[in-house]
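Each residue of the sequence shown is one higher than the one before, counting from 1024 in this note's numbering. Cβ atoms here follow ideal geometry from the backbone N, Cα and C, with glycine treated the same way. Structure first, commentary second.
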Amino acid sequence: MSNRVGICGLGTVGSGLFNLFATNLAEIARKTEQVPRLVQVGCRRDHPDCDLSSVAVTRDIFDVARNPDVDILVELIGGTDTARELVLEALANGKHVVTANKALIALHGDELFRVAEQQGLAIRYEAAIAGGIPIVKAIREGLAGNRIDWIAGIINGTSNFILSQMSEPGSNLAFADVLREAQDLGYAEADPTFDVEGIDAAHKLTILASIGLGVPLQFESMYTEGIAGITAADIRFAAELGYTIKHLGIARRSGDAVELRVHPTFVARDQMLAQVNGVMNAVMVGSDAAGQTMYYGAGAGAGPTASAVMADILDICRTDTSVPNAGYVDIRSADVLPISGIRSSYYLRLEVVDKPGVMADVSSILGNHEVSIEALIQKDSRRSDAQIVIITDEVRESAMNECIAELEASAEVLNPVTRIRVASF
Ligand SMILES: NC(=O)c1ccc[n+]([C@@H]2O[C@H](COP(=O)([O-])OP(=O)(O)OC[C@H]3O[C@@H](n4cnc5c(N)ncnc54)[C@H](OP(=O)(O)O)[C@@H]3O)[C@@H](O)[C@H]2O)c1
């Protein structure tokens, strides 16, 4: 029987899980014969929301990894170095592991899964991707009969909140102002780099691509671009053209290779992903038998994340003995297509000198690179410059790079060209 649980880390998620044990055990007992029992908590300090009087507490989280009375160690400390050591110690001592730590799985998953497999133990990480959305289970179990062709998701709540606020009708807010608001509301960290530079989303997409497309965890090959460069002007032009800007993670099969990319994306307003606003997350999956499916919910927070952690704990309690972990999927290496090799439509915004003939010259440069125009807005400015905004048809990114280089070399184009990829699902 594997149902004795030790929690390491009593922060946002750890306290949420602790309180789920306190409030929902009767509900949980209706769903499994092996009801999990919380036997130890490892935390450096008490948490004001948690009454620890009825559970053993240690100030050294490694005590939990060594405790013979713990069957399942739940790692909720975050970070990668100590968390990796803790998980290895737990596995060495015969414990299953549940974690919410996407960075740990994305960067060290291969090593940890190998050790777990050798030991006949499980590592579960549902909470690491999109918080309360059971997306790992959906892909591994609900869609197990499918070949998955692509996954596209809004998987960072902070970025989605910022873009949603900037897109509110009439907002005209700059990125930096909305970031400050997100920090005040607790939706963004004091150091927001991981979220707004796309690193957090890239960690999650690394894991999603591995379980969905059956490719190795390869964070280092991911193309990653954040939202810091998005301006109020881009948001306004997107709306004018019938789009909204979303920060998407996209993993897609492309022949024998795969595309792994995280970047701001123009999504047509009538598409489902365009309706996902605020801190909410959503993941769309394109597969051969089920077609398109979409999963929506809270991507973070104590309750939603603890819900996913508890689901993993229950899975281990139910299966009792050795549970395969990453081995659910036969991992085959696949080349990652460089970003220059993808095909996409593009939004281009050019600041140009305000004089006759400029549009003809811009069109001619686009034509030289076989870039055709699907939509165009040309705006005069009260200053001496004007804006040209273009949505192109689909073209290879390498051709677009050459086209942009030629545009930027032209004396009529005043500043670096803004380029945002356009996607439809
Ligand atoms: N928050 C979310 O909504 C969310 C959603 C999905 C996934 N996750 C993941 O869940 C994990 C936990 O996130 P969180 O938001 O709960 O973080 P958090 O609020 O910062 O909590 C982490 C806790 O771990 C403790 N801790 C860190 N190192 C420790 C050590 N060496 N020994 C003992 N305690 C230690 C910290 O203690 P101190 O207070 O003493 O520093 C803190 O209480 C992370 O991997 C995160 O990526 C979080």
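(1) Please return the same chain residues whose Cβ sits closer than 6 Å to the Cβ of P1059, not counting the five positions on each side in sequence.
(2) For Y1319, which beta-bridge partners are listed by DSSP?
(3) Per DSSP, L1271 forms a beta bridge with which residues?
(4) Using the C-alpha atoms, what's the distance from I1234 back to S1310?
(5) If we ignore side chains and look at the alpha-carbon of each, how far apart do R1107 and R1147 end up?
(6) Name the residue from R1068, A1052 and E1050 whose alpha carbon lies nearest to the alpha carbon of G1034.
(7) Can you tell me whether D1223 is buried or exposed, with buried defined as 16 or more other CB within 10 angstroms of its CB?
(8) Exposed or buried, which one is R1053 when buried takes at least 16 other CB atoms within 10 Å?
(9) If you run the structure through DSSP and keep just helix, strand and coil, what is H1119?
(10) Cutting at 7 Å between CB atoms, please list the residues of its own chain near S1395, excluding the five before and the five after it.
(11) Who does Q1063 pair with in a DSSP beta bridge?
(12) At a cut-off of 7 Å, would you count N1304 as near ligand 1, judging by its Cβ distance to the nearest heavy atom?
(13) Buried or exposed for G1032, going by 16 or more other Cβ atoms inside 10 Å?
(14) Helix, strand or coil: how does DSSP classify A1052 here?
(15) Near V988, what residues of its chain come up, given a Cβ to Cβ distance below 7 Å and the 5 sequence neighbours on each side ignored?
(16) Do N1124 and ligand 1 come close, with the Cβ less than 7 Å from some heavy atom?
(17) Kindly identify the DSSP beta-bridge partner or partners of K1125.
(18) In its own chain, which residues sit with a C-beta less than 6 Å from the C-beta of L1043, not counting the 5 before and 5 after it?
(19) Report the CB separation of R1285 from E1248 in whole angstroms; it is logged as a contact under 8 Å.
(20) For P1449, which residues of its own chain have a beta-carbon under 6 Å away from its beta-carbon, when the five flanking residues on both sides are left out?
(21) Count the other CB atoms within 10 Å of the CB of M1024; is the residue buried (16 or more) or exposed (fewer)?
(22) Apply the 10 Å Cβ neighbour rule to R1275 and answer buried if 16 or more other Cβ atoms are within range, or exposed otherwise.
(23) Going straight from the alpha carbon of H1070 to that of G1039, what length do you get?
(24) What is the DSSP secondary structure of N1042, counted as helix, strand or coil?
(25) At a threshold of 7 Å, does C1066 count as lining ligand 1 (C-beta to nearest heavy atom)?
(26) At 3 residues or longer, and completely inside the stretch 1380-1415: list those beta strand (DSSP E) runs for me, N to C.
(27) For the beta strand (DSSP E) containing L1096, list its first residue and its last residue.
(28) According to the Cβ coordinates, are K1118 and I1095 closer than 8 Å?
(29) CB L1114 to CB V1138, shorter than 8 Å?
(30) CA-CA distance, A1409 and R1292?
(31) Give the secondary structure of I1146 by DSSP, where H, G and I count as helix, E and B as strand, and everything else as coil.
(32) So, is S1187 buried or exposed, given that buried needs 16 or more other C-beta atoms within 10 angstroms?
(33) Among L1389, S1386, L1371 and A1305, which has the Cα closest to the Cα of V1412?
(34) If you reduce the DSSP assignment to three classes, tell me which class L1296 lands in.
(35) In whole angstroms, give me the CA-to-CA distance for N1438 and E1431.
(36) Would you check if the distance between the CB atom of I1362 and the CB atom of F1260 is smaller than 8 Å?
By the coordinates alone:
(1) N1026, V1028, I1336 and C1340
(2) A1305
(3) H1286
(4) 13 Å
(5) 14 Å
(6) R1068
(7) buried
(8) exposed
(9) strand
(10) T1415 and D1416
(11) G1029 and A1079
(12) no
(13) buried
(14) helix
(15) Not covered by the structure: residue 988. The range shown for the chain is 1024 to 1448.
(16) yes
(17) Paired residues: none, contrary to the question.
(18) A1329 and M1333
(19) First, the amino acid is wrong: residue 1285 is Val here, not Arg. V1285 to E1248, Cβ: 7 Å. Contact.
(20) Coverage of the chain is limited to positions 1024 through 1448, which leaves residue 1449 absent and any answer about it impossible.
(21) exposed
(22) buried
(23) 11 Å
(24) helix
(25) yes
(26) 1396-1402 and 1408-1415
(27) I1095 to E1098
(28) yes
(29) yes
(30) 26 Å
(31) strand
(32) buried
(33) L1371
(34) helix
(35) 7 Å
(36) no
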